[in-house]
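Residue numbers (our numbering): 50 to 454.
The following block contains the structure:
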């Protein structure tokens with residue numbers, strides 16, 4: 050039993066933290082045994098799924114599956130802790146999940162094992178502590194395997210965990226519970242915005258065969274015109290040459306950069322001048338066409354940009370760029386892109402000429418501008434919420450690093 054204290058601590062707590070082996074303060078139990086596939090999917094009993102344990106520091110009630118139980122199995126109890134036994138990487142072995150519910154007739158899947166403490170712990174403290182970097186490092190170190198990694202119950206019981214006083218545990222547990230609730234709230238807001246965008250994309254562009262959309266800004270009544278993309282835009286693709294990267298020069302974009310149109314890869318000014326006669330400019334649109342297909346973004350910089358063959362470049366004098374970007378995401382256009390994609394290729398791709406054949410519904414430029422502005426503002430709001438969520442998650446990582454030993 051060793052003693053330590055964390056880097057970051059609530060006021061009023063100064064005692065060293067004891068470290069105790071899991072085996073000294075609790076016992077393990079097995080998940081379901083002897084079940085066949087005929088037992089699953091029906092029955093009055095429920096079981097905690099592997100995914101529920103893997104994804105959630107605190108197991109949820111909405112990720113329970115039905116099972117028929119007619120023999121003695123280990124029921125889970127409030128305060129139990131579950132650990133996954135195996136994974137494809139050592140970093141994902143032994144993921145923990147705490148059971149905080151009083152629900153009866155619930156069991157544990159066979160790909161995890163349970164741990165039942167013999168002493169009192171704050172459950173929210175346990176949920177965060179067992180996923181802190183220091184504990185995850187200990188568990189990862191004990192994982193064994195080659196193509197698949199495992200951890201035994203015996204090995205897990207050897208792991209030492211920090212055990213401050215119960216009052217300090219409660220303070221830490223409450224802090225992380227509140228932080229998790231804030232993260233969950235921001236995640237729900239973000240998910241709602243994305244769902245709203247999907248709804249607008251369905252309603253603000255004509256469906257297959259229609260000449261007007263279901264939802265429209267006031268003052269617009271003309272029919273939309275069905276055109277092919279190569280009739281309303283020039284379409285290019287990037288260099289087919291494998292780039293020679295360097296530390297600075299002209300920024301080089303590929304599929305993985307489409308969301309931000311920024312990259313930490315550069316090519317020389319000389320290579321850019323030779324290979325890029327047609328260059329992305331402010332107001333052009335880039336779209337992925339190899340691997341990930343049909344993700345688009347508008348160029349909003351005056352800096353020179355180089356781009357790979359995996360991206361298509363649209364230059365149009367007839368289309369508002371933000372309208373074109375939104376149009377590409379509309380269900381009708383996405384379906385047309387999918388139909389022209391070579392799915393048997395690896396990675397899958399859509400040829401530049403096939404992109405040109407994709408039909409697109411085109412209103413007046415004034416209506417395009419209105420729609421484009423609407424979706425640009427919506428995308429900006431989504432990006433802002435995503436940044437807030439990412440910041441909260443980063444803050445949580447920092448607290449997990451500093452508030453546990």
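Built from N, CA and C at the ideal position, the CB exists for glycine as well.
Please read these numbers as outputs of a predicted model, since none were measured by experiment.
Going by Cα to Cα distance, which pick from the options is closest to residue i?
i           : options            : result
residue 151 : 187, 108, 252, 440 : 108
residue 289 : 174, 339, 276      : 339
residue 77  : 85, 207, 413       : 207
residue 440 : 236, 212, 267      : 236
residue 172 : 220, 324, 140      : 220
residue 70  : 210, 178, 92, 137  : 210
residue 132 : 363, 285, 201      : 201
residue 119 : 142, 87, 103, 102  : 87
residue 144 : 278, 304, 205      : 205
residue 272 : 266, 259, 449      : 259
residue 223 : 177, 159, 268      : 177
residue 416 : 364, 187, 268, 111 : 268
residue 187 : 139, 296, 215, 196 : 139
residue 282 : 365, 214, 194      : 365
residue 381 : 261, 442, 194      : 261
residue 357 : 199, 375, 329      : 329
residue 435 : 198, 217, 92, 309  : 309
Please return the same chain residues whose Cβ sits closer than 8 Å to the Cβ of residue i, not counting the five positions on each side in sequence.
i           : result
residue 332 : 347, 348, 370
residue 431 : 239, 242, 243, 246
residue 391 : 397, 398, 399, 400
residue 124 : 153, 154, 155, 156
residue 82  : 122, 159
Looking only at its chain, what residues have a beta carbon closer than 7 Å to the beta carbon of residue i, apart from the 5 residues adjacent to it on each side?
i           : result
residue 314 : 294, 301
residue 337 : 304, 307, 343, 344, 359, 360
residue 182 : 449, 450
Taking 9 Å as the cut-off, decide whether the C-beta atoms of residue i and residue j are in contact.
i           : j           : result
residue 180 : residue 106 : yes
residue 134 : residue 98  : no
residue 114 : residue 95  : yes
residue 460 : residue 164 : As shown, the chain starts at 50 and ends at 454. That puts residue 460 outside it, with no answer to give.
residue 298 : residue 317 : yes
residue 257 : residue 404 : no
residue 427 : residue 249 : yes
residue 334 : residue 377 : yes
residue 407 : residue 277 : yes
residue 379 : residue 355 : no
residue 469 : residue 352 : Look at the range of the chain in this structure, 50 to 454, and you will see that residue 469 is not part of it.
residue 285 : residue 362 : yes
residue 103 : residue 137 : no
residue 212 : residue 66  : yes
residue 68  : residue 53  : yes
residue 166 : residue 72  : no
residue 442 : residue 232 : yes
On the CB-based measure, 16 or more other CB atoms within 10 Å of its CB, does residue i come out buried or exposed?
i           : result
residue 270 : exposed
residue 454 : buried
residue 148 : buried
residue 154 : exposed
residue 168 : exposed
residue 129 : buried
residue 61  : exposed
residue 234 : exposed
residue 230 : exposed
residue 444 : exposed
residue 424 : buried
residue 323 : exposed
residue 387 : exposed
residue 447 : exposed
residue 80  : buried
residue 101 : buried
residue 274 : exposed
residue 429 : exposed
residue 170 : buried
residue 90  : exposed
residue 410 : buried
residue 195 : exposed
residue 146 : buried
Between which residues of its own chain and residue i is the CB-CB distance below 6 Å, once the five residues before and five after are set aside?
i           : result
residue 56  : 451
residue 263 : 252
residue 38  : Residue 38 cannot be examined here, being either before or after the span of the chain that is shown, 50 to 454.
residue 421 : 369, 371, 372
residue 59  : 220
Does residue i come within less than 9 Å of chain C when only Cβ atoms are used?
i           : result
residue 278 : In the structure shown, chain C does not exist; there is a single protein chain.
| request: Scan the region 327-393 and note each continuous alpha helix (DSSP H) run of 4 residues or more that stays entirely inside, going in chain order. | output: Within the region 327-393, the complete alpha helix (DSSP H) runs of at least 4 residues fall at 370-378, 380-388.
| said: If we require 3 or more residues per run, which beta strand (DSSP E) segments fall completely within the region 61-133? | reply: Those beta strand (DSSP E) runs which fall completely within the region 61-133 and span 3+ residues are 66-70, 75-79, 89-97, 113-116, 130-133.
| request: Mind listing, in chain order, the continuous alpha helix (DSSP H) runs of no fewer than 4 residues lying wholly within the region 141-205? | output: If you keep only unbroken alpha helix (DSSP H) runs of at least 4 residues inside the region 141-205, you get 172-178, 182-191.
| Which residue spans inside the region 393-424 form an unbroken alpha helix (DSSP H) run of at least 4? | Inside the region 393-424, DSSP marks whole alpha helix (DSSP H) runs of 4 or more residues at positions 401-405, from first to last along the chain.
| Quick one: complete beta strand (DSSP E) runs, 3+ long, within the region 260-340? | List check, beta strand (DSSP E) in window: 274-277, 283-286, 299-302, 334-339.
| message | So within the region 203-261, which uninterrupted alpha helix (DSSP H) runs reach at least 4 residues, ignoring any that extend past its ends? | response | Correct list: 215-252.
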